[in-house]
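K.L.:
A single structure is presented below for examination.
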Amino acid sequence: MNDDLLNILSNSNKDIDNQLLMDYLSGKLSAEKSHEVEKMMADNDLFNDAMEGLQQIRNKKDIQTYVEQLNRDLQKNLTKKRQRREKRKLKEGPWGYVAAIVIIMLCIAAYYVVKKVLAAHGYPHS
Amino acid sequence: MKTVNHDPNNHITDQELLDRFYADGKKEWLGILLSRYTLLLFGVCMKYLKQEEEAKDCVQQIFVKIIIELPKYRVTYFKSWIYTIARNHCLMKLRDQHGRKVELSENMLADWDDASGKNRHLEKDRLLELMGESLEELGEEQKRCILLFYLEKRSYQEIVDVTGYTLMQVKSYIQNGKRNLKLLIERKTSKT
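Here the protein sequences come in this chain order: A and B. Quick note: the first sequence uses the working numbering, first residue 1, plus one each step. Quick note: the second sequence uses the working numbering, first residue 1001, plus one each step.
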């Protein structure tokens, strides 16, 4: 029995080659390369579902446009979140510390003022 | 014609990107990793939703979900995980839209349970022997397509040409044949 048959039990965990998938969809691949993609599809449900879905799109050029749009939005989304976080840090960061220090200093000052006033009035009684 | 932009981070594997993200929490790694899956996610959404605009919206929602969920726990099998998230999201959308009763398995990851892992303890010779026996038990069409695909490494189109089956039939014989083979082998090993 040929060892290749053991591949039936394997699950593909190859990293994605998007260009290869697009070429497959456009029918540009040789029989050997097509088999390579189809093997990934047979071994992995993600590849299989994705290729079945992509095959439904008539104009294959649209796929590239959609993917580019989605990637742009993704990057925007990630950068927006980062910028928002940095802005918040900048807004909250130094002022929070400054406020805390001012409050502590006021407390210390108040303590000494009260102590002095009390001493001036003869408190505590000795 | 080049249709997909070249990824300048091609030398970094998915796993490395994931590890880097978990190490320093930088979203840049996530951006690179997710953009590799945009095409596949769009395809999965198309398969379930059938509408291009709807599929695009769905991919965006899946991205948001992943960005929120991924830092919460350590994901080991990213490809399986992302597929589960995408598929569940699409099925939920379908259910919301059409009130269609879609069965959502809570343990969907079991679908991607590495079948070879279950058989890992078996020796190769024994496995080949079981494979031979199980192949004989398959239906003629499934057996023929499986042999042409896995043994002779033929493409779907070549198998169509050789057998006269339709493309859909070939795909289905290979998928079902593969599943049946796994079941048969599991049954045989559980008996021994």
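Here a beta-carbon is modelled for each residue, glycine too, at the ideal position from N, C-alpha and C. Note that the structure is predicted; figures quoted are calculated from it, not measured.
1. Around the Cβ of B/K1101, are there at least 16 other Cβ atoms within 10 angstroms (buried) or fewer (exposed)?
2. Consider the Cβ of B/E1054: report whether some Cβ of chain A lies at a distance smaller than 8 Å.
3. Does the CB of A/A31 have a neighbour CB from chain B at under 8 Å?
4. Would B/L1091 and B/S1134 qualify as a contact pair, given that the criterion is a beta-carbon distance under 8 Å?
5. At the 8 Å Cβ level, is A/G53 part of the contact set with chain B, yes or no?
6. Counting only beta-carbon atoms, is B/M1092 nearer than 8 Å to chain A?
7. List, in order along the chain, the chain B residues whose C-beta lies closer than 9 Å to that of A/I16?
8. Do B/L1034 and A/L74 have their beta-carbon atoms positioned less than 8 Å apart in this structure?
9. Quick check: what's the CA-CA separation for A/Q56 versus B/L1040?
10. So, is the C-beta of B/S1155 closer than 8 Å to a C-beta in chain A?
11. What are the boundary residues of the alpha helix (DSSP H) that B/Y1165 is part of?
12. I'd like to know whether the C-beta of B/E1158 is nearer than 8 Å to at least one C-beta of chain A.
P.N.:
Reading from the atomic positions:
1. Here the model assigns B/K1101 a pLDDT of 43, short of 50, so the residue's position is not dependable and the matter cannot be decided.
2. no
3. yes
4. no
5. It does; some Cβ of chain B falls within 8 Å.
6. no
7. D1014, R1036, Y1037, L1039, L1040, K1079
8. yes
9. 13 Å
10. yes
11. It is not in any alpha helix (DSSP H) - B/Y1165 carries neither H nor E in the DSSP assignment.
12. At a cut-off of 8 Å between beta carbons, B/E1158 contacts chain A.
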